[in-house]
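Worksheet: one structure, shown below.
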Amino acid sequence: MITTRRAGLTRPEVLFLLTLGTLGAGLVAPAVAKVRAASNREVCQNNLRLIGQATLKYTDAHNGTLPVIGGGQTPGILVRLLPYTDQHKVAEELEASGKPWYDPVNAKLIAKPLSFAQCPETPKPDRILEGKVSDAAFKAAPTDYTGISLITEAIRDIFPPDHDRSTPLGGLIGRGTMSEITDGLSMTALGIVEIADKPNRWQAGKLTASSDGTNAEGTWIANGFNAPRGYSWDGKTAPGPCAMNCSNSAAIYSFHADGCNFVFADGSVRFLKKDIDVWIFYAVLTRRGGELLMSSDF
Numbered sequence: 001m002i003t004t005r006r007a008g009l010t011r012p013e014v015l016f017l018l019t020l021g022t023l024g025a026g027l028v029a030p031a032v033a034k035v036r037a038a039s040n041r042e043v044c045q046n047n048l049r050l051i052g053q054a055t056l057k058y059t060d061a062h063n064g065t066l067p068v069i070g071g072g073q074t075p076g077i078l079v080r081l082l083p084y085t086d087q088h089k090v091a092e093e094l095e096a097s098g099k100p101w102y103d104p105v106n107a108k109l110i111a112k113p114l115s116f117a118q119c120p121e122t123p124k125p126d127r128i129l130e131g132k133v134s135d136a137a138f139k140a141a142p143t144d145y146t147g148i149s150l151i152t153e154a155i156r157d158i159f160p161p162d163h164d165r166s167t168p169l170g171g172l173i174g175r176g177t178m179s180e181i182t183d184g185l186s187m188t189a190l191g192i193v194e195i196a197d198k199p200n201r202w203q204a205g206k207l208t209a210s211s212d213g214t215n216a217e218g219t220w221i222a223n224g225f226n227a228p229r230g231y232s233w234d235g236k237t238a239p240g241p242c243a244m245n246c247s248n249s250a251a252i253y254s255f256h257a258d259g260c261n262f263v264f265a266d267g268s269v270r271f272l273k274k275d276i277d278v279w280i281f282y283a284v285l286t287r288r289g290g291e292l293l294m295s296s297d298f
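Heads up: the sequence shown at position 184 corresponds to 184 in UniProt numbering, and the numbers run straight through without jumps.
Written as structure tokens, this is what we have:
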């Protein structure tokens, strides 16, 4: 009697192939995630590089004076930089309206994302923020980058009393100048930093409060009023030893795995690690603190 084997796989063979597939997926998925994270970090660096270049062009056009931060009822710092980017027409339309940014006439304009204002590593990059200013309701596209004026007053009791806590941007409405950055352009963060996914609240990688409502906080049109400080490692208390990625409540925060991108006053962009000494971090932020830093310090 002649027997023939049916075409196809036996059950053990199927199970073997499924096991191989599962193992393969387990090996491939982390690699894909790693490549995606690296790509997102590079896009974020390019965003900050563009912001840095626009800032330097602004200072050249204003006799070395840096842009003010703004925020709230006045347009934020990114709006002041728009004329020096490929999105200058957005600034022209805002000015041509003759109305405050939150007026309904500007509704479509402020709801449109800026090409360089969001880090792709941040959750929900297509999110829209809603809020009110002067009883006027608005919907606006977000930003993950914002200007900072100084290191928080909350550390004044432990900060050297003779130390200037100002960043290059100087103040919310005051104007700093490039000549005031005496700590060195390549050693001083420009003052436009990652504080991602506002007004949501994040602590050490955990979303602790979710909100789409804002008074303009987190929008590209008018974000401002942040004074960074270190936090505890769980992100619950400040000041603390964690320089970044522990809280986004007026502190540097990104969704990159182990640090944040920073644009420096010479226009360069570098990635600083989360475990940087918080006092070196403060020294990088200040424009004329008198610290002697080397690139190897961070």
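Heads up, the beta-carbon is just placed ideally off N, CA and C, and yes, glycines get one too.
Of the residues assessed, H256 falls on the buried side of the cut-off, its CB having 16 or more other CB atoms within 10 angstroms.
Taking E194 as the centre and dropping the five residues before and after it, the same chain places the C-beta of C119, D144, Y145, I252, Y253, S254, C260, N261 closer than 7 Å to its C-beta, in chain order. Apart from sequence neighbours up to five positions away, the residues of its chain that approach I155 with a beta-carbon distance below 7 Å are R229, P239, ordered along the chain. Less than 8 Å divides the Cβ of F264 from the Cβ of S186. When DSSP assignments are scanned along the region 191-270, the uninterrupted stretches of beta strand (DSSP E) that are 3 or more residues long and fall wholly within it turn out to be 192-194, 201-203, 206-209, 259-263. Segment contact: the region 68-85 against the region 280-287, fewer than three CB-CB distances shorter than 8 Å; contact not assigned.
The residue among A136, R127, Q87 with its C-alpha nearest the C-alpha of P100 is A136.
In the three-state reduction of the DSSP assignment, A117 falls in the coil class, being assigned neither a helical nor a strand state.
In the three-state scheme derived from DSSP, where H, G and I count as helix and E and B as strand, S149 is classed as coil. Of the residues assessed, L150 falls on the buried side of the cut-off, its CB having 16 or more other CB atoms within 10 angstroms.
In this structure, G76 keeps its C-beta atom at 8 Å or more from the C-beta atom of I192.
Under the three-state reduction of DSSP output, S166 falls in the strand class. Within 10 angstroms of the beta-carbon of G218 lie 16 or more other beta-carbons, which makes it buried.
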